Each structure stands twice: as C-alpha cells, then as structure tokens.
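Here the structure is laid out as structure tokens; the discussion comes afterwards.
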Amino acid sequence: MSARLSTKATKLPAEERRRHIIESIERLGGTPVMNLAQEHGVTSQTIRRDLQELESRGLIQKSHGVALPGPGSTAIAYKDRNAHQTELKRRLMAPLAEFIHPGSTIYVGLGTTFNSIHEILRDRSRLIVATSNLGVAYACTFNTMVTLYLFGGYVRRNDTAILAATGGGLGNTFKFDLAILGANAVDEDGAVLAHDPLEVAFVQEVIAASRQVIFVVQADKFGGRAPHAISHLCHASVLITNCDPRSKLKDPTILDATRVVQVK
79 MSARLSTKAT KLPAEERRRH IIESIERLGG TPVMNLAQEH GVTSQTIRRD LQELESRGLI
139 QKSHGVALPG PGSTAIAYKD RNAHQTELKR RLMAPLAEFI HPGSTIYVGL GTTFNSIHEI
199 LRDRSRLIVA TSNLGVAYAC TFNTMVTLYL FGGYVRRNDT AILAATGGGL GNTFKFDLAI
259 LGANAVDEDG AVLAHDPLEV AFVQEVIAAS RQVIFVVQAD KFGGRAPHAI SHLCHASVLI
319 TNCDPRSKLK DPTILDATRV VQVK
C-alpha cells in the first residue's frame, strides 16, 4: 500500500473508523471503496467489511464499488449546501418568471436551489404551490400570497426535505400546470439521478401529473453519480442550467425537444 496512506487512521478502532467513513460519504456523496481505503490507511478488504456492516445497519448503501449515503440521508449537510453558490441559485431561479402564470398550480421540488423561489412567486397572483421542501414552504408562507400545500412524511435528517415512506403521496388529486425539479446528478446518458430511493416514486408521480416539467440543474451536477434514476432529460419541457448541457451528454439530440435556458 502507498506510503502516503494516513498512519493516524490505522490506529482508529473499528467503530470510530466507521463513524469517519459515514462522515466522509455524507460530505462527499458517492465515494469509491479504494478512496476510502486510502483515506483511512487500511486495506480495501477492511473497508468492504466496514461498509457491509454499515449497510446492514441502514447507514450507507453500496453500488458498483461506490459507497453512498443511506436512505433518508443527504450527501452534503443542509447548512453547507444552503450557503453554497447562493447568487448562482438566484440566477437559476430568474428564468422561471416566464413560465409561472396567474392561477397556476405548481409543484416545487427538493433542494436548496429553490430556497429563493419565493422572490419569483411573490408578485404572481392566485397561485397554488405544493411542495415537500420545508425551506420553500417557510419562505412562501411569509413572503408571498400563494396558497401553499405541504406534503406529509418524515423530515430527512439535517435537511429540509420531507419524504413519504411509501408512494401515493399525491392521492391522485393534483394536476400540476408546472413541476419545477432539481437533481442530485445527471449522467452522460441524460438520466436524472437521486441519492435517496425514497424520493423516486413520489417525484415520478409528480412528473406524471404535470403538464410541463422544468429541471433546474447546476453545471457541477452533470457527470455526477447517484444510484437511483428519477427521470430523464428527454422528458423535460425546459432545462435551466449555467452551462452548455449538450456538451455534457453522449447524445446531445436527446435535448432536441427540450427548451434549454442557459444562465450566465
């Protein structure tokens, strides 16, 4: 093993090392097994045993040699994500003004990208906004005149996301004029991915119940990895991003039917 491996990490008891592993995974998101072995100064076999134990406790999940945050957790702490690139997130919200019309019923998805969406909504009248995002719900309640619907479930640890334990969260009653969604990652095939499997069924139900779907994706999400597919960019009516998304995809033609709005 490389001489550059940490000598301090080799002295850690197994449980303390496993706690450090969880912290690394939650900080970095998907983390290769070999990277964890190098970081902690142990063999890959030792790390695999640690990961097997952590997965059995439901604390992490494994996929193709990569360790990922467990269900009900988020890859990066909410306070860190909320403070990151706040001005960019505001710029990504600005184009939404064109698509939000008086009297619309709108779903707003999870993620800190949408924490400033109330600035777009406050001058619109007769809006119904449904969300599972506590940050959006709080901001809209105190800064807009929208009628707000908050979907129930449990609150993800250290986050503002509400997750339903089972599908059927819409109760087959909502028909959205517009669904505004984010992504944990978008791969080179155009798949829109999530870390948490508990998001998948609900978001797919939202998409099926929406007349128009807008994905808002920061440039650093392209080329990322997460184990669960929520949707695909070819199903997006509009894609708002701060890069040229076609240059990130194996087949740029998948966006031919999608309106791409690129912000500076």
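Under our numbering, read the sequence shown as residues 79 to 342, first letter to last.
The beta carbon of each residue, even a glycine, is placed where N, CA and C say it ideally should be.
Because the structure is a prediction, the values reported are computed rather than measured.
So what does DSSP say about residue i, is it helix, strand or coil?
i, result
"L256", "strand"
"H196", "helix"
"I178", "coil"
"A161", "For A161, the predicted structure reports a pLDDT of 46, less than 50, and the residue's modelled location is therefore unreliable. A value from the coordinates is still provided. Here A161 sits in helix by DSSP."
"A129", "Looking at the sequence shown, residue 129 is not Ala but Leu. Looking at L129 - three-state DSSP - the assignment turns out to be helix."
"Q290", "coil"
"T251", "coil"
"T331", "helix"
"T190", "helix"
"P349", "Nothing about residue 349 can be reported from this structure: the residues present for the chain run from 79 to 342 only."
"V281", "helix"
"T124", "helix"
"T219", "helix"
"L311", "helix"
"P323", "helix"
Based on the DSSP output, what are the partners of residue i in its beta bridges?
i, result
"V264", "V270 and F300"
"R337", "V316"
"Q139", "L146"
"H306", "A272"
"L166", "Answer is none; L166 lacks a bridge partner."
"L228", "T209"
"A239", "N211"
"I184", "V207 and L256"
Is residue j closer than 9 Å to residue i when the C-beta atoms are compared?
i, j, result
"L255", "S203", "With the sequence shown as reference, residue 255 is identified as Asp, and Leu is not the correct amino acid for it. No, Cβ-Cβ distance for D255 and S203 is not below 9 Å."
"A239", "N211", "yes"
"F293", "L241", "no"
"V291", "A314", "yes"
"I100", "L146", "no"
"I138", "M171", "no"
"V295", "I332", "no"
"D265", "R303", "yes"
"A208", "T183", "yes"
"A307", "V270", "yes"
"V224", "N193", "no"
"G301", "A263", "yes"
"R97", "N320", "no"
"P305", "P330", "no"
"G189", "L205", "no"
"V341", "V316", "no"
"I103", "A115", "no"
"R200", "T222", "yes"
"K299", "A261", "yes"
With burial defined as no fewer than 16 other Cβ atoms inside 10 Å of the residue's Cβ, what is the status of residue i: buried or exposed?
i, result
"K167", "buried"
"G187", "buried"
"R95", "buried"
"S84", "Bear in mind that the predicted position of S84 carries a pLDDT of just 43, short of 50, making it unreliable; the figure below should be weighed with that in mind. With fewer than 16 Cβ atoms within 10 Å of its Cβ, S84 is classed as exposed."
"Y185", "buried"
"K328", "exposed"
"P91", "exposed"
"S134", "exposed"
"F220", "exposed"
"H179", "exposed"
Against chain D, with Cβ distances strictly below 9 Å, would residue i count as a contact?
i, result
"L90", "Among the chains of the structure shown, chain D does not appear; only one protein chain is present."
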